[in-house]
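To start, the structure under review is shown below, and the notes come after it.
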Amino acid sequence: MLYYVYDWTIRTDDHCTYYIGFLIGEDGNRYSLVCNTYHRPIYVKYWALHYKFGDVNQALQSIVRTQSIKHGMTYYEEEKLLLRCTEHKPHKIICIELSSLQERSKVVQYLNAVRVKVYEDEIDDMVVFLNRYNIPRTGWLNLDKAKLVTNGKITTRPELHVKHKHIKTVTKVGIPPMKILCMDIETYTTRPYSVAKAFHPDDEIRMIGVVYRYKDYYEKIVFCIGATEGSFVHKDFLLYCCRDQYHLIDEYVKYVSDKDPEIVTGYNHFSYDYAFLVDRYFHKHGSKASYSKLRGEPVVPTKETWSSSAFKSNDFWLLRASGIIDIDLMQFATRERHFDGYSLNEVSKKVLKMSKVDLDYSTMHMLFTRGNLPDLMEIADYCVQDCMLPILLIDSLKVIVSVMESSVILRMSPNDLHTKGSAQQIIGQLHYECMTNGYIIDSDRTPRIKFQGAVVLDPKPNVYTDCATVDFSSLYPSIIISENICYTTFVPHDAVQGYKTIDIDMDRSDLQEYYTPYIKHDDGTKCTIGFAFDKTRKAIIPEMLKKLLAKRKECKEMMKTCSESERDIWDKRQYSYKISANSIYGILASPNVSMSFSIAAACVTSVGRSHLINTVAILKNKFKADIVYGDTDSCFIRLKGCSSHDEYKAKCSKICDYIYKKNGHSVRLEFENSFKKLLMMGKKKYVGLRYDGTRYMRGVTSVQKNRSDYLKKMYNDIVSIILECPAKEQAIAYVVLCLKSLVCGMVDPDMLKIAVKVNESNNNVQLNALLKHMDDNGIMREPNQKIYYLYKVGNTATHTDRRMPFEWMIQNKVPIDYLQYIESELLNPIDTLLCVVGLPAIVTEFVGSMKYIMEHGLHLDMDVPMDPAMRQAIKRLDMKG
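Residue 15 in the working numbering sits at position 15 of the sequence shown, and the numbers go up by one each step.
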């Protein structure tokens, strides 16, 4: 029988280390794999021990005595290459093995204390074990000669005890059905119009909703605090009333343990729900109840606080339990998909074509306060809905397939895929490549070099007809492969003569002393340094990239012939290979990982800049192309004689082939797109109208999530006029019409609301002022969700003081300050757009007219009732018409 492993963990005691996999058998039963025959070695240089202690054998025996090693220590010699060593010859390495990770840790600490370098100690133990025997993080296994122990002492499931050499990977497509449990909490605060906070001692969890699913079976239960303990049946769920908050959470934990799910999920539960569970229960009572599949193991609360350029700031709680994959669908959605908004309601509308039946905060507070059974049933019905939608999203977004396939390829735990930065996602793969090629990883001890990133050519803002884009395919991976850039191929400064160098220009003041031997030119202000990589040597990273790109190509070929049921799996695999290849540069450039290599990153971007600049020169000089814009790996061009997609495709393909040959077949340039009209507004901001009538947008206001719908509509309509109408001046008439409609009250206020996202790490003066207004007016808010606001009419000095929550203004019929809305929301993006195509800044003129009339107190009667100053401003605008 074959077994599908979906998660791994480690347990260690005084005398042994167990590597444990959690399995689903082909028969549908659950098992645990237990292996205790692998002992992770400690790597130290022979000569380091010899220099420190004299006789190496006596030194190792002394370690056994002084560190009280009770269960024996074995050691042996091996020839290994050091990843960053430029001598390129094997080193004599002492490999020290201990049966217990606890005793291994003692020895490592001792060696570090006496300044003997230990290699690869920062690599995770599980990564080393799985890579050593090429065992997948998730996937099908054959466990030859496994011994079944039905009442295991280590895990809560039947155990299959097996030696590491008998764990074999099996090629099989498909994932067995998994038990899924979705949870959601509802909280209560004595402050009726404020959101409950985990750090506020008086706020409490009043309800925990759960939907459990296995295959086609669903079970819905809601635990709540009620006046009467016991179970009550609703037509769609079971309501279980508890006596207090501790009892409530305890029953939830016991329920999860009883159901024994493989996956626990929720929506934004890492940031909100778990903060409450940790503070109210696990920090105080975690050892008393647990749903871990390891016997006696508590649920471990872990705080994640980190930031990156790709994923911004991250601040949330995890509840780690062995044998359970915990997936926050909000984390998944923000990383894997692009939506206008990421609330549960917005994502459900887009994906499921369903929306929540909302229960506003004030109503929920009233129902909780009354607390009778019908009131609790109403809240519970809402809570179950918040559990059911994520279950449906898991299916529609193919979450399980995505997580499992990514985990295999990235050699990373499913629990870490969406809670760690992109650089962390490559370490497992790089370690495997190093291990299989006989290298030991040594950390980078060179100073981090300051270097320039990608080149972005200054665009020519305007409207262009008949344009195309050409794009370098996998630019950075191609550069790494063609230049053989790697730790193992780096040439030291004293051996660089005779090599072709990659030159980097920089300010002399930014150059650290360590790099002065690499200087090729220095005028005191600017300098050029040159680095070289040996193209004749075998390289870890380029070979790894070749494998990833080849595997991706194989998966795309399989997608053409596989069954429909397997297509999603092959698609997720090819996508994971693509992400892996594109992430290699990130790990080289990252300052926070052990495998960073800033010299290599600097060289990659330098070659990338050269490719773009040289390509632009060829396009201009040989092919007489008009360069509209260039950015990192792509160029927007115009060619004479091309006025259709087919003409551009044919001509650009020939140009790309020529440049590819000119580049020595190193980096391929490809035809990407053609546009009937292109509106170029600035760096990374443009809109293109393709020949087939579809559009491509980047960086423009209409795709920015927090702008108002009215601005997005105006912006899109103006773009349509510019791209599709013969007379662009029609845009002026349209803008005037929109402004008139706005001040005449003919626009739905819902179109005007502006969004801002709130989380605990926000430290913005304007946002804090809005939140203060909300607290002062008793308005509740939900953490990590968007708040919509508008400007109210008032005489305060700054517009910040007039920002008020949208719902509060509508409910209380507070007048909207249209002038402030126009000035703050519409003026800059609309006038900037108009100025790009040579049209006047009409919104600025409108605002100026309004202010002039209001200062002079002029009035004008018009058919449509409106503010007198606005009427006069509109008339003045018409007169300028």
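We put the beta carbon where it would ideally sit given N, CA and C, even for glycine.
Cβ separation of residue i and residue j, assumed to be a contact under 8 Å, to the nearest whole Å
i	j	result
SER720	MET751	Not confirmed; about 18 Å, so no contact.
TYR94	VAL173	Here residue 94 turns out to be Ile, not Tyr, going by the sequence shown. Rounded, the Cβ-Cβ distance is 43 Å, inconsistent with contact.
ARG690	ASN673	7 Å
ASP386	GLY209	7 Å
LEU839	GLU729	7 Å
GLU825	LEU739	About 12 Å; that fails the 8 Å criterion.
Boundaries of the alpha helix (DSSP H) in which residue i is found, first to last residue
i	result
GLU336	329-336
LYS106	101-113
PRO829	827-836
ASN131	125-132
ILE324	Premise fails: ILE324 is in no alpha helix (DSSP H) and is neither H nor E.
SER407	399-410
ASP801	Per DSSP, ASP801 belongs to no alpha helix (DSSP H) and is neither H nor E.
LYS740	730-743
LYS350	344-352
Range covered by the beta strand (DSSP E) that runs through residue i
i	result
TYR214	204-214
THR74	73-82
GLY530	526-533
THR903	The first residue shown for the chain is 1 and the last is 881, placing residue 903 beyond what the model contains.
LYS676	669-682
SER32	30-35
THR187	180-188
ASN706	Segment: none, ASN706 is in no beta strand (DSSP E) and carries neither H nor E.
LEU160	159-161
Buried versus exposed call for residue i [16 or more other C-beta atoms within 10 Å across all chains shown]
i	result
GLU855	exposed
CYS182	buried
PHE199	exposed
ARG11	buried
CYS383	buried
TRP47	exposed
SER761	With a pLDDT of 47 at SER761, under the threshold of 50, the predicted position of this residue should be treated as unreliable, and no value is reported.
LYS165	exposed
ALA589	buried
ASP236	exposed
ARG65	exposed
ARG698	exposed
MET366	exposed
GLY693	exposed
TYR361	buried
ASP861	With a pLDDT of 38 at ASP861, under the threshold of 50, the modelled position of this residue cannot be trusted, and the question is left open.
CYS486	buried
SER406	buried
ALA873	The predicted position of ALA873 is uncertain, since its pLDDT is 48 and thus under 50; a value taken from the coordinates is nonetheless stated next. Classification for ALA873: buried.
TYR514	exposed
LYS792	buried
GLY641	exposed
HIS269	buried
GLY664	exposed
THR9	buried
GLU229	exposed
Under 8 Å between C-beta atoms of residue i and residue j
i	j	result
TYR214	PRO177	yes
VAL5	THR138	yes
LEU2	VAL170	yes
ILE426	ILE584	yes
VAL908	ILE842	Residue numbering for the chain in the displayed model covers 1 to 881; residue 908 lies beyond these limits and cannot be assessed.
GLU97	HIS39	yes
ILE718	CYS603	no
CYS635	THR465	no
PRO477	LEU545	yes
TYR31	LEU160	yes
SER606	SER482	no
GLY266	ASP273	yes
PHE533	THR489	yes
Cβ-heavy atom distance, residue i to the ligand ZN, below 7 Å
i	result
ALA48	Among the ligands in the structure shown, none appear at all, so the ligand ZN cannot be discussed.
For a minimum of 3 consecutive residues, which ranges assigned as the beta strand (DSSP E) are wholly contained in the stretch 560-647? 626-631 and 634-638
Unbroken alpha helix (DSSP H) runs of length 4 or more, entirely within the stretch 360-392: which are they? 361-370
For the stretch 39-72, list the alpha helix (DSSP H) runs that are entirely contained and at least 4 residues long, ordered along the chain. 46-53 and 56-66
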